[in-house]
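Written below as structure tokens is the structure these notes are about.
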Amino acid sequence: MVSGGTLLEKGQVNTSVPVVVIAPGYHGHAIARSLGPVSYPIYGIHADPRSPAARSRYWQENFFWNIAKASPEESINWLLQLSRKIGSRPILIPTDDDSCLFVADHAAALKEGFLFPNQPAGLTRSLSS
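For the sequence shown, the tail end lands on 128 under numbering that gives the first Met the number 0, and the numbers increase by one without skipping.
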């Protein structure tokens, strides 16, 4: 993490809030490589157990769930159970169009278990390709 051009060291930031990254791929791997060394507990949700991103040493734990193939209700329930398993309200970071749209469409239900910014209605859909 960079602040004023310097790398933040362990102990300089509050790392008590876990981070859950959906559909990591290259983007999520970059998040893990940025936050992991600063001791954030980072969890990856991968659609495929063979995902190269799942092999990063910075994940506290990997989980496997495909939001695109499961029903919205199943995915919401699964994610809320994951939040309870982690034991707090983690920050939720979706990293691809499908997961971003899913979080935007089901934000009200997911807010029960996760922290993420409020977005104006329709913003996510207008930005996805």
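Glycine is no exception: its CB is placed at the ideal position from the N, C-alpha and C atoms.
Predicted model, so just to flag it, every value in this text is computed and none were measured.
Rounded Cβ spacing between residue i and residue j (contact assumed at less than 8 Å)
| i | j | result |
| --- | --- | --- |
| Ser98 | Ala22 | 5 Å |
| Val19 | Phe113 | 7 Å |
C-alpha gap between residue i and residue j, whole angstroms
| i | j | result |
| --- | --- | --- |
| Pro93 | Asn13 | 21 Å |
| Pro116 | Arg49 | 30 Å |
| Lys68 | Arg54 | 23 Å |
| Gly43 | Asn61 | 5 Å |
| Ser15 | Ala103 | 25 Å |
Environment of residue i [buried if 16+ CB atoms lie within 10 Å]
| i | result |
| --- | --- |
| Ser70 | exposed |
| Ala107 | exposed |
| Ser74 | buried |
| Tyr149 | Summary: the structure shown does not reach residue 149, with the chain confined to residues 0 through 128, and so no result is reported for it. |
| Phe101 | buried |
| Ala120 | exposed |
| Ser127 | exposed |
Three-way DSSP call (helix, strand, coil) for residue i in this model
| i | result |
| --- | --- |
| Glu111 | coil |
| Met0 | Here the model assigns Met0 a pLDDT of 45, short of 50, so the residue's position is not dependable, and the following value carries that caveat. DSSP places Met0 in coil when its eight states are reduced to three. |
| Asn117 | coil |
| Gly43 | strand |
| Asn61 | strand |
| Val37 | helix |
| Pro17 | coil |
| Ile90 | strand |
| Ser74 | helix |
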